[in-house]
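Novice:
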Amino acid sequence: MPEDLAVDRTVNTSSIEKEELIAKRKSKKEKERKVTRKKRGFLRKGEDILDVSIHAKGGKIERGPNAHDDSDNRFVWCSALLKMSIKSLWLEFRGCRNYKPPKYTCDEYEKKRNDIKNRYNDIICMDATRVKLKARNPKDDYIHANWIIMPDNQKYICTQGPVAESVEDFWHMIFTERSNVVVMLCNFVEGTHEKCYQYFANELNECTVFGIYSVTVREFYEDDPTGTLQHKLIEVEVLGKILQVHHIAILDWPDHIAPISPLAVVTMLKLARMLCEGRPITVHCSAGIGRTGAFVGIDYGSQKIRKDGKTTMTSVLKDLRHQRLQAIQSPIQYTFLYICILEMFVQEGVVAREGAVLDYYEAYENMIKKYQKTYKEKQADG
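Going by UniProt numbering, the first residue of the sequence shown is number 1, and it counts up by one from there.
1) Keeping to the same chain, check which residues put their C-beta closer than 6 Å to that of M126; ignore five residues upstream and five downstream.
2) In angstroms with no decimal places, state the Cα-to-Cα distance between K39 and D122.
3) Starting from M344 and walking both ways along the beta strand (DSSP E), at which residues does that stretch end?
4) Just the Cα atoms here: how many angstroms apart are I212 and V238?
5) Could you tell me which residues DSSP puts in a beta bridge with L243?
6) Return the chain-ordered list of same chain residues with a C-beta closer than 7 Å to the C-beta of R321, the five sequence neighbours on each side being excluded.
7) Can you give the Cα-Cα distance for residue 386 and W253, rounded to whole angstroms?
8) Using C-beta distances below 7 Å, list every residue in its chain close to N73, excluding the 5 sequence neighbours before and after it, in chain order.
9) Within 10 angstroms of its Cβ, does E92 collect 16 or more other Cβ (buried), or is it exposed?
10) Helix, strand or coil, according to DSSP, for Q379 in the structure here?
11) Can you tell me the Cα-Cα spacing of V183 and F75, whole angstroms?
12) Tell me the DSSP secondary structure of E219 in three-state form.
13) If you draw a straight line from the C-alpha of Y352 to the C-alpha of L358, how long is it?
14) Could you tell me if M274 is buried or exposed, where buried requires 16 or more neighbouring beta carbons within 10 angstroms of its beta carbon?
15) Under the rule that 16 or more other beta-carbon atoms within 10 Å means buried, what is E343, buried or exposed?
16) Is the Cβ-Cβ distance between I234 and R218 less than 8 Å?
17) Tell me, which residues are paired with T226 by DSSP?
18) Is R130 helix, strand or coil when you go by DSSP?
19) Quick one: what's got a C-beta closer than 7 Å to D70's C-beta in the same chain, skipping five residues either side?
20) With H, G and I counted as helix, E and B as strand and the rest as coil, what does DSSP make of T292?
21) Ends of the alpha helix (DSSP H) at K270?
22) When the Cα atoms are used, what is the spatial distance from D152 to D319?
23) Let me know the secondary structure DSSP gives N73 once reduced to three states.
24) May I have the straight-line CA-CA distance separating residue 386 from K112, to the nearest angstrom?
25) By the 10 Å Cβ neighbour count, where 16 or more other Cβ atoms means buried, how is V163 classified, buried or exposed?
26) Indicate whether C158 and V296 have their beta-carbon atoms separated by less than 8 Å.
27) The beta strand (DSSP E) that contains Y156, what's its start and end?
28) How should T335 be labelled, buried or exposed, when 16 other C-beta atoms within 10 angstroms of its C-beta is the threshold for buried?
29) Check whether the region 221 to 233 touches the region 244 to 263, counting contact only when three or more Cβ pairs, one atom from each stretch, lie closer than 8 Å.
30) What's the C-alpha gap between P225 and V265?
31) For the putative contact between E108 and Y142, defined by C-beta atoms under 8 Å, what is the C-beta separation to the nearest angstrom?
32) What would DSSP say about M184, mapped onto helix, strand or coil?
33) Give me whichever residues DSSP pairs with N146 in a beta bridge.
34) Going by C-alpha to C-alpha distance, which of I281, I332, I289 and C340 sits closest to I298?
35) Are the CB atoms of E165 and K117 nearer to each other than 8 Å?
36) Assuming V181 and I281 form a contact by the criterion Cβ under 8 Å, report the distance between their Cβ atoms to the nearest whole angstrom.
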């Protein structure tokens, strides 16, 4: 990586002002973390707030035109899933919810100097797979991000939504890793809480500067058939060098919940894979583990299933957590992962979009609607 990126990043602010800024930020973060812990505690008990004994009607499973035969690994997996109840998926998640890889370390995450770069204090970035910022001093190479590598060797960078103190690092990571696709799975603000610092301007051709990086939205695309995605072309410039980045955001995936339909998310994944040209795909939500883990899990899980129709989502979750600790936070996200992989194989013509598939989608939709209602009632009760 060019040495000219290792420049002095001193901000034109006095040391006293810096200390005051850091103190205010830490105070604000501590207040936010107390709220976050409360919400995450509720989330961990998510399977207890809803009666999920919702079953599909049990229609016939029809093989699609592109399944090789009944022994096609994808068809084998779909057939097994369509015989399972939604409740059984939640119970399956309960069995692996607390899984952590053995003997992992998180030394860089725990260093005091990096505390201000972490959005949450209960979401850990482990050392083994962390993304090290290139062209930086070893004491300044930390960002809350990890590599996840697919069976086909496609690389994903899974990261938190940047905070004000890490937004330059965020763009530095994207630029130096030549990541030309960024997938955003949250909104900048959800409810009254900041979920992600705004790291580009809203207006076309409006330039925003983050340290040494100039960031400009150059184009808005209208190529989304689902109506819930936003696709932009962003130009990142530093020291006369330019990287063009496709930014794909979903507008309808609230934290702790999941979309009613898998269509937009599967479309998003296919678009990201098509545009990345083999380069790393950067994915983030707010914490970078829940929605992010489910999204990356679609690609990872579908690839594993193509090779082995008996692949379990439990094994997929564990593989993901060996690379991004705490990936997939809730039973609702775990269930959505199943639904998205099913949709992927439906679109590939492995199983027909009729009978058992439509019944299963209906059961999932009923569960989501019931969950959303229960979740909102719990929030209203405090």
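Here a beta-carbon is modelled for each residue, glycine too, at the ideal position from N, C-alpha and C.
Note that the structure is a prediction, hence the values are computed from the model and not measured.
Specialist: Taking the structure as given:
1) Y104, C106 and L325
2) At K39, the pLDDT of 44 sits below 50, so the modelled position is not reliable; the number obtained from the coordinates is stated separately. Going by the C-alpha atoms only, they are around 12 Å apart.
3) Unbroken run through M344 is the alpha helix (DSSP H), P331 to Q347; no beta strand (DSSP E).
4) 6 Å
5) Looking at the DSSP output, L243 shares a beta bridge with V236.
6) Y99, K100, P101 and A327
7) The structure shown does not extend to residue 386, since the chain is modelled only from 1 to 382, so the question has no answer here.
8) So the qualifying residues of the chain are I305, R306, K307, D308 and G309.
9) buried
10) In the structure shown, the three-state DSSP call for Q379 is helix.
11) 29 Å
12) Assigned with DSSP and collapsed to three states, E219 falls in strand.
13) The residue asked about is misnamed: residue 352 is Ala in this sequence, not Tyr. The straight-line gap from Cα to Cα measures roughly 9 Å.
14) exposed
15) Looking at its Cβ environment, which holds 16 or more other Cβ atoms inside 10 Å, E343 is buried.
16) yes
17) According to DSSP, which records beta bridges pairwise, T226 is partnered with nothing at all.
18) Strand, per DSSP.
19) Here the set comprises R63.
20) Here T292 sits in helix by DSSP.
21) In this chain, the alpha helix (DSSP H) harbouring K270 covers L263 to L275.
22) 14 Å
23) Here N73 sits in helix by DSSP.
24) The chain is shown from 1 up to 382; residue 386 falls before or after that span and cannot be answered.
25) buried
26) yes
27) K155 to T159
28) buried
29) With a cut-off of 8 Å, the region 244 to 263 and the region 221 to 233 count as touching, because enough Cβ pairs lie within range.
30) 12 Å
31) 5 Å
32) Strand, per DSSP.
33) R130 and C158
34) C340
35) yes
36) 5 Å
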